[in-house]
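Chemist: Take this structure, written in structure tokens, and hold onto it; I'll ask about it next.
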Amino acid sequence: MAIMTAPSATTPIRPAPPTVSRRGRKLRDNLTGHAFLLGAVFCFALFMWFPMIRGIVMSFQRTRRGETTWVGWDNYTRIIADPSFWTAWKNTFLFTALALVVGYVLPFFVAILLNELRHAKGYLRILVYLPVMLPPASALFLFKYYAYDPSEAGLFNAILKALHLPTSEWMQSPTMTIPAMVIASTWMNLGSAVLIYLASLQNIPGELYEAAELDGAGVWRRIWNVTIPQTRLILALLAMLQIVATMQLFIEPLILANGAGTQDSATSVAYLIYQHGFFQNDLNGAAALGVIMLIVLAAFSAVYVRLTTKQD
Amino acid sequence: MTRTLISQAQLQRGRGRFLYWTVLTVVVAGFTLVFLGPLYWMVTGALKSGQEIAQTPPTLWPHDPQLQNYADAWNNLDLAKLLFNTFYYAAGAVFFQLVFDTAAAYALSKLRPVLGTVILGLMLATLMIPAMVLIVPQYVTAIDLPFVHVNLLDSPWAIWLPLVANAFNIFLLKRFFDSIPEDLIAAAQVDGASPLRTLWSIILPMSRPILGVVSIFAVTAVWKDFLWPKLVMPSPETRTLSVGIYAFSGGTPMNVVIAASVIAAIPTVIIFLIFQRNIMSGLTTGSLKG
Numbered sequence: 021m022a023i024m025t026a027p028s029a030t031t032p033i034r035p036a037p038p039t040v041s042r043r044g045r046k047l048r049d050n051l052t053g054h055a056f057l058l059g060a061v062f063c064f065a066l067f068m069w070f071p072m073i074r075g076i077v078m079s080f081q082r083t084r085r086g087e088t089t090w091v092g093w094d095n096y097t098r099i100i101a102d103p104s105f106w107t108a109w110k111n112t113f114l115f116t117a118l119a120l121v122v123g124y125v126l127p128f129f130v131a132i133l134l135n136e137l138r139h140a141k142g143y144l145r146i147l148v149y150l151p152v153m154l155p156p157a158s159a160l161f162l163f164k165y166y167a168y169d170p171s172e173a174g175l176f177n178a179i180l181k182a183l184h185l186p187t188s189e190w191m192q193s194p195t196m197t198i199p200a201m202v203i204a205s206t207w208m209n210l211g212s213a214v215l216i217y218l219a220s221l222q223n224i225p226g227e228l229y230e231a232a233e234l235d236g237a238g239v240w241r242r243i244w245n246v247t248i249p250q251t252r253l254i255l256a257l258l259a260m261l262q263i264v265a266t267m268q269l270f271i272e273p274l275i276l277a278n279g280a281g282t283q284d285s286a287t288s289v290a291y292l293i294y295q296h297g298f299f300q301n302d303l304n305g306a307a308a309l310g311v312i313m314l315i316v317l318a319a320f321s322a323v324y325v326r327l328t329t330k331q332d
Numbered sequence: 012m013t014r015t016l017i018s019q020a021q022l023q024r025g026r027g028r029f030l031y032w033t034v035l036t037v038v039v040a041g042f043t044l045v046f047l048g049p050l051y052w053m054v055t056g057a058l059k060s061g062q063e064i065a066q067t068p069p070t071l072w073p074h075d076p077q078l079q080n081y082a083d084a085w086n087n088l089d090l091a092k093l094l095f096n097t098f099y100y101a102a103g104a105v106f107f108q109l110v111f112d113t114a115a116a117y118a119l120s121k122l123r124p125v126l127g128t129v130i131l132g133l134m135l136a137t138l139m140i141p142a143m144v145l146i147v148p149q150y151v152t153a154i155d156l157p158f159v160h161v162n163l164l165d166s167p168w169a170i171w172l173p174l175v176a177n178a179f180n181i182f183l184l185k186r187f188f189d190s191i192p193e194d195l196i197a198a199a200q201v202d203g204a205s206p207l208r209t210l211w212s213i214i215l216p217m218s219r220p221i222l223g224v225v226s227i228f229a230v231t232a233v234w235k236d237f238l239w240p241k242l243v244m245p246s247p248e249t250r251t252l253s254v255g256i257y258a259f260s261g262g263t264p265m266n267v268v269i270a271a272s273v274i275a276a277i278p279t280v281i282i283f284l285i286f287q288r289n290i291m292s293g294l295t296t297g298s299l300k301g
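As given, the protein sequences belong to chains A and B, one line each in that order.
Sequential numbering from 21 applies to the first sequence in the numbering used here.
Sequential numbering from 12 applies to the second sequence in the numbering used here.
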């Protein structure tokens, strides 16, 4: 109908009243607009919006022999009663905390350093970003077989031995599992944070540093009083993204620790989702675990939004 | 050159100059060791024999290079097939993302249909949902599509369709289109150009840089993804490289696994070295300027 009225509105012989013509045109524009959106909206609906709701629904259901029944909080109680549940959360939090200390602070200082250097800029930027481009499986096999070889032939142990430091069993030692995963994951991911920091460092007006210097502020004070406040928004945003990313720790335990690791030292929440869903044939339990993860991360986001809006 | 933390003058004289060159040397050497070193270790390690790899202290250069490891990786893991699959999925991902995401971003930026902002909001909201949370219901959807009841397992659509639902790309493209002057679009409309024609002849030619960035991101996403292709491509014939290497790593000598990892890494590294300028500008302009 709308399509029928539209051409008549543009016929020059008998111009329709302006309101009608505008409305007709608007309708037609809207139809084309929505037609252009169709493909993407279809994919979002199918693989994002619908699964979001479905995941929540599934977490309250149980499917046995093709029959789906409502079971209330059953999946949740079962998941939480699993002893691995708390171990997985403990490991995930420990990994996230360590990865935040290392993987969040380190790129900031690397970016400051690279921003100060006048030479070899391009080369250094390529170097830092190179690991980001490797398929994670490739990089992790490199760590697993060469760097974390528990014998003295392993790269890290060879270095430690050359420095007369005690060697480590790496992935075979429950206490070293998480630090070793943090090292590998920092090496793989540091580059993207460095580049984002670099871009925001380049936007800091030079006069601010000049003024601080005239006031007698040393290098550390200038970082504290100029660099950090000026990049506050990016720093806060990346902290959030980093938390969300590290809480989904999955491929590191899977490849480096063959899954759970020595004495469950590598089990993560994401790995538990995978275990329940695709090994124990407990898709509903896995969905419930997914919802719990979503709630925990949403709580983090809420705290984050509260903190950042208060500052402004 | 704008002034940064430490002033130019301070770096060019006396002690500052000495300090600067020392730091530069240490940084260049250190970074080369930390970021390039492991890659060197990977490429040469895969050339070593089983005995040499277990030797202490490790050798810097393989004494008796075994090209056989690379050949074994190529043959035993059927790397040609895995490479082809990954390329095929990546090419499709680029195509569908360019077509659907560009169209959507164009609609949201220039045509602005009713509810457009709501739709954009719903898309951007998905950026806040961690991938792991959705993995189970997405998988259930892929094995039995709602209403049509089609199983997408082992079908490339299972990789292509979810990748179109990429809010980051749409946001990136929309911001770029927003910067194209409205006058140009209005002029085209006066000349009687349809929205599709305007997109094709005016917007797209001006957007080559951002289209390049989106394409590179699409390729690397397919190359780097692991869990999703592992779930939806269960057959050995349809696997991607990363999944294939993982699946074979169990019963394969480690040198061969590493050799396969090297081969898997080569295409993305080459893409990066060729397009690094675009990648870096895409990362910095599009993403997070607060």
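In this text, a Cβ means the ideal position worked out from N, Cα and C, and glycines have one as well.
#1: Which residues of chain B have a Cβ atom closer than 7 Å to the Cβ of residue 54(A), listed in chain order?
#2: Taking all protein chains shown into account, decide if residue 285(B) is buried (16 or more other Cβ within 10 angstroms of its Cβ) or exposed.
#3: Starting from residue 139(A), find everything on chain B with Cβ-Cβ shorter than 8 Å and list it in chain order.
#4: Who are the neighbours of residue 183(A) on chain B, taking C-beta pairs under 9 Å?
#5: Please work out which residues of its chain come closer than 7 Å, Cβ to Cβ, to residue 61(B), disregarding the five sequence neighbours upstream and downstream, and give them in chain order.
#6: I need the straight-line Cα distance from residue 189(B) to residue 131(A), nearest angstrom please.
#7: Where are the beta strand (DSSP E) runs, 3 residues long or more, that stay fully inside the stretch 48-120 of chain A, in chain order?
#8: Scan the stretch 233-250 of chain A for residues whose Cβ lies nearer than 9 Å to a Cβ of chain B and list them as they occur along the chain.
#9: Check whether the Cβ of residue 301(B) lies closer than 9 Å to any Cβ atom in chain A.
#10: Using a cut-off of 7 Å between C-beta atoms, extract the partners of residue 285(B) located in chain A.
#11: Counting only the same chain and skipping the five closest in sequence on each side, list residues whose C-beta sits under 8 Å from that of residue 100(B).
#12: Within 10 angstroms of the Cβ of residue 59(B), are there 16 or more other Cβ atoms? Answer buried if so, exposed if not.
#13: Using a beta-carbon distance below 9 Å, is residue 207(A) in contact with chain B?
#14: Buried or exposed for residue 236(B), going by 16 or more other Cβ atoms inside 10 Å?
#15: Suppose you measure from the CA of residue 138(A) to the CA of residue 57(A); what does that come to, to the nearest Å?
#16: Can the beta-carbon of residue 94(B) be found closer than 9 Å to that of residue 278(B)?
#17: Below 7 Å on C-beta distance, what does residue 181(B) contact in chain A?
#18: Could you give the distance in angstroms between the alpha-carbon of residue 324(A) and the alpha-carbon of residue 260(A)?
#19: Can you find a CB in chain A that lies within less than 9 Å of the CB of residue 101(B)?
#20: Between 180(A), 222(A) and 166(A), which has its C-alpha nearest residue 53(B)'s C-alpha?
#21: List, in chain order, every chain A residue whose beta-carbon is nearer than 9 Å to that of residue 175(B).
#22: What's the C-alpha gap between residue 32(A) and residue 157(B)?
#23: Enumerated in chain order, which unbroken segments of the alpha helix (DSSP H) with a length of 4 residues or greater are wholly contained in the stretch 37-76 of chain B?
#24: Determine whether the Cβ of residue 95(B) lies closer than 9 Å to any Cβ atom of chain A.
#25: Can you grab the Cα-Cα spacing for the pair residue 256(A) / residue 328(A), in whole Å?
#26: Using 8 Å as the Cβ pair cut-off and three pairs as the minimum, do the stretch 295-302 of chain A and the stretch 120-129 of chain B touch?
#27: Go ahead and pull the three-state DSSP assignment for residue 251(A).
#28: In angstroms with no decimal places, state the Cα-to-Cα distance between residue 155(B) and residue 302(A).
#29: Since residue 140(B) meets chain A, which of its residues come closer than 8 Å, beta carbon to beta carbon?
#30: May I ask you to verify whether the stretch 134-146 of chain B touches the stretch 174-187 of chain B, counting CB pairs closer than 8 Å and requiring at least 3?
#31: In whole angstroms, what is the alpha-carbon distance linking residue 257(B) and residue 232(A)?
#32: Three or more C-beta pairs under 8 Å: does that hold for the stretch 201-209 of chain A against the stretch 114-124 of chain A?
#33: Measuring alpha carbon to alpha carbon, tell me which residue in 319(A), 157(A), 129(A) and 312(A) is nearest residue 109(A).
#34: Taking CB distances under 9 Å as the criterion, tell me whether residue 249(B) reaches chain A.
#35: Could you check whether the Cβ of residue 128(A) sits closer than 9 Å to any Cβ belonging to chain B?
Modeler: To lay it out plainly:
#1: 124
#2: exposed
#3: 35
#4: Under the 9 Å cutoff, chain B gives no residues; its nearest Cβ is about 12 Å from residue 183(A).
#5: 264 and 266
#6: 30 Å
#7: 81-84 and 87-90
#8: 233, 239, 242, 243, 246 and 247
#9: Residue confidence for residue 301(B) is low, a pLDDT of 34 falling below 50, so the modelled location carries little weight; the figure read from the coordinates is stated next. Interface residue, yes.
#10: None at all; the shortest Cβ gap to chain A is about 11 Å.
#11: 167, 170, 171, 233, 240 and 251
#12: buried
#13: yes
#14: buried
#15: 46 Å
#16: yes
#17: 60
#18: 7 Å
#19: no
#20: 166(A)
#21: 59, 60, 62, 63, 64 and 67
#22: Low confidence applies here, because residue 32(A) scores a pLDDT of 49, under 50, leaving its location unreliable and the question unanswered by this model.
#23: 48-56 and 61-64
#24: no
#25: 7 Å
#26: no
#27: coil
#28: 17 Å
#29: 68, 72 and 314
#30: yes
#31: 53 Å
#32: yes
#33: 312(A)
#34: no
#35: no
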